[in-house]
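Asks:
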Amino acid sequence: ESLRQQRAYNIVRDRYKKYGDDGVFNLTGLIRAFPFEEGDADAMRSYVHFIARSEGELEPLAISRMGGKAEKHDGFLATRITAATLATMLTVLKPGDRVVSLVAADRSHPSVRQGVVVAQGTFEEFTSIDAFEAAVAAGAAPRAIVVTTISPSKNHLPRSFVERAASAARKRGALVILDDAHMAARISLYDEPGGLELADADIAVWSMDKHLGGPRSGFVAGKRDLVRAVKARALALGVEAQLGQYIAAAHAVAAFDPEPIREAARMSVQIRDALQDAAEGKIYLAGAGIAVSGEDFLELALRKTNHDKTSIVPIEAVAFASMRILEEFGGVMIPAVGMPGAACTFRVMCYPDGARFGLKRVVDAWHTGMNELVAALDEPERIGGTLLQDHGV
Numbered sequence: 005e006s007l008r009q010q011r012a013y014n015i016v017r018d019r020y021k022k023y024g025d026d027g028v029f030n031l032t033g034l035i036r037a038f039p040f041e042e043g044d045a046d047a048m049r050s051y052v053h054f055i056a057r058s059e060g061e062l063e064p065l066a067i068s069r070m071g072g073k074a075e076k077h078d079g080f081l082a083t084r085i086t087a088a089t090l091a092t093m094l095t096v097l098k099p100g101d102r103v104v105s106l107v108a109a110d111r112s113h114p115s116v117r118q119g120v121v122v123a124q125g126t127f128e129e130f131t132s133i134d135a136f137e138a139a140v141a142a143g144a145a146p147r148a149i150v151v152t153t154i155s156p157s158k159n160h161l162p163r164s165f166v167e168r169a170a171s172a173a174r175k176r177g178a179l180v181i182l183d184d185a186h187m188a189a190r191i192s193l194y195d196e197p198g199g200l201e202l203a204d205a206d207i208a209v210w211s212m213d214k215h216l217g218g219p220r221s222g223f224v225a226g227k228r229d230l231v232r233a234v235k236a237r238a239l240a241l242g243v244e245a246q247l248g249q250y251i252a253a254a255h256a257v258a259a260f261d262p263e264p265i266r267e268a269a270r271m272s273v274q275i276r277d278a279l280q281d282a283a284e285g286k287i288y289l290a291g292a293g294i295a296v297s298g299e300d301f302l303e304l305a306l307r308k309t310n311h312d313k314t315s316i317v318p319i320e321a322v323a324f325a326s327m328r329i330l331e332e333f334g335g336v337m338i339p340a341v342g343m344p345g346a347a348c349t350f351r352v353m354c355y356p357d358g359a360r361f362g363l364k365r366v367v368d369a370w371h372t373g374m375n376e377l378v379a380a381l382d383e384p385e386r387i388g389g390t391l392l393q394d395h396g397v
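Residue numbers for the sequence shown follow our numbering, beginning at 5 and rising by one.
1. Identify which residue in 35, 36, 33, 56 has its Cα closest to the Cα of residue 44.
2. Within 10 Å of its beta-carbon, does residue 183 have 16 or more other beta-carbons around it, so buried, or fewer, so exposed?
3. What is the C-beta distance between residue 82 and residue 251, in whole angstroms, given that I count them as a contact (C-beta under 8 Å)?
4. Go through its chain and collect everything with a Cβ distance to residue 95's Cβ below 6 Å, but skip five positions before and after it.
5. Residue 38 lies in the beta strand (DSSP E); which residues open and close that run?
6. Rounded to whole angstroms, how far is the Cβ of residue 147 from the Cβ of residue 103, which I believe are closer than 8 Å?
7. Please report how far the alpha carbon of residue 1 lies from the alpha carbon of residue 324, in whole angstroms.
8. How about residue 309 and residue 378: do their beta carbons lie closer than 8 Å?
9. Let me check one thing: in DSSP terms, what residues is residue 202 bridge-paired to?
10. What residues in its chain sit with their C-beta under 7 Å from that of residue 335, if we drop five residues either side in the sequence?
11. Would you decide whether residue 391 is buried or exposed? Buried here means 16 or more other CB atoms lie within 10 Å of its CB.
12. If you follow the alpha helix (DSSP H) that residue 73 is part of, which residue opens it and which one closes it?
13. I believe residue 259 touches residue 217 by the beta-carbon criterion, under 8 Å. Please report the beta-carbon distance rounded to the nearest angstrom.
14. Please go through the same chain and pick out, in chain order, the residues whose beta-carbon is closer than 7 Å to the beta-carbon of residue 167, but skip the five residues on each side of it.
15. Measuring alpha carbon to alpha carbon, tell me which residue in 253, 318, 209 is nearest residue 60.
16. With DSSP as the reference, label residue 242 as helix, strand or coil.
17. According to DSSP, simplified to helix, strand and coil, what is residue 160?
18. Is the separation between the beta-carbon of residue 177 and that of residue 69 shorter than 8 Å?
19. Return yes when the Cβ of residue 342 is within less than 8 Å of the Cβ of residue 118, no when it is not.
20. Buried or exposed, going by whether 16 or more other CB atoms sit within 10 Å of the CB of residue 124?
21. What number of angstroms, rounded off, separates the C-alpha of residue 151 from the C-alpha of residue 130?
22. Within this structure, are the beta carbons of residue 126 and residue 100 separated by less than 8 Å?
23. Is residue 353 closer than 8 Å to residue 27 when the C-beta atoms are compared?
24. Assign residue 135 to one of two classes, buried (16 or more other C-beta atoms within 10 Å of its C-beta) or exposed (fewer than that).
25. If you draw a straight line from the alpha carbon of residue 91 to that of residue 38, how long is it in whole angstroms?
26. First and last residue of the beta strand (DSSP E) that includes residue 313?
27. Whole angstroms are fine: how far does the CA of residue 159 sit from the CA of residue 165?
28. CB-CB under 7 Å to residue 15, same chain, minus the five flanking residues each way: which ones, in chain order?
29. Is it the case that the Cβ atoms of residue 219 and residue 315 are separated by a distance below 8 Å?
30. Can you tell me whether residue 376 is buried or exposed, with buried defined as 16 or more other CB within 10 angstroms of its CB?
31. For residue 21, count neighbouring C-beta atoms within 10 Å of its own C-beta (all shown protein chains included) and say buried if the count is 16 or more, exposed if not.
32. Just to confirm the assignment: which complete alpha helix (DSSP H) runs, minimum length 4, are found wholly within the region 267-336?
Below you can see the structure in the form of structure tokens.
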């Protein structure tokens, strides 16, 4: 998967050299930018200059946006959501502690399970709120629950389910931890409060780069004493954000505007409607984008060939189609450029560049990706060559 990612990066570079901005379109929903402003360079000359200039702008901005209160909550910025989750689990768990996870569909972010494993806890996960409540009520009381508000496959967990999960946890004395990485999209599209206000979470984590114009880093916020302990562990692990991330994140939070996300969501409805017949009803709205599960995407291709099986697996299918779309149209999608372990879905996120890419090009790209996959189902070497061409495969 890492080699596949590098292959996609090389295509992006080549297209940008040839066509400039007209050759690449960000259809990932991720920004990962550093929005610096005039005067920031002075603060970045050294950490001493940063200290002299900074007055802790980010923490109150982010906590307020998350629905927190200055007298009750604290927060800090970690290098990544993964780092934030790891520091949290290593702080709140002892070996053998039980963690129960609720996610709308598919699975939680890999860092949730990995954090529990590193802390030597036990991990159980459910996609049904009823099954989750039953599990929390049975057996040893969990030390914590983790609720993922929007899954990696972009399935949204309704507010009522989050509140039920939190209520079940509190009956057993468990901490309530929200993986609210996609909070910017959630509060923009679903008329829900920020992560700290939602179910009065003990800890919530928010990504600065998902539908938000900041760097790839994670803001951890929650009950004051608890978060200060997590911050101390993060400092010991060396995963606290560095000054450039801090400055950029503060600007991104201050500039947050939900309207472009809502515009992208409206375009997503148009895309779904235009492609739903071709997709045999398998497309679902992924917030500000559309998605098809990897299993469904591969099944659609198989039906077009009258095959009932192939040696190609779903993650290869969506990655191959996305890579061909990148090569032909410049559409940058997660299955092509995403990190190892990314959710196995074919998805087109309309934020930030959906409007620039255009509805017609999205439709054309879908058909190109699907038709190319159909033609390659009996040629696994072609799949491998497209995904790993720069590495001699």
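All residues carry an ideal CB built from backbone N, CA and C; glycine is no exception.
Replies: Put simply:
1. 56
2. buried
3. Their Cβ separation, rounded to whole angstroms, is 15 Å, which puts residue 82 and residue 251 out of contact at 8 Å.
4. 233, 234, 237
5. From DSSP, residue 38 is part of no beta strand (DSSP E); its letter is neither H nor E.
6. 7 Å
7. With the chain covering 5 to 397 only, the question about residue 1 has no answer from this structure.
8. yes
9. Its beta-bridge partners do not exist; DSSP assigns none.
10. 29, 31, 329, 361, 369
11. buried
12. Taken as a continuous stretch (DSSP letters only), residue 73 belongs to no alpha helix (DSSP H), as it is neither H nor E.
13. 6 Å
14. 203
15. 253
16. coil
17. strand
18. no
19. no
20. exposed
21. 10 Å
22. yes
23. no
24. exposed
25. 24 Å
26. It is not in any beta strand (DSSP E) - residue 313 carries neither H nor E in the DSSP assignment.
27. 13 Å
28. 330, 331
29. no
30. buried
31. exposed
32. 298-309, 318-333
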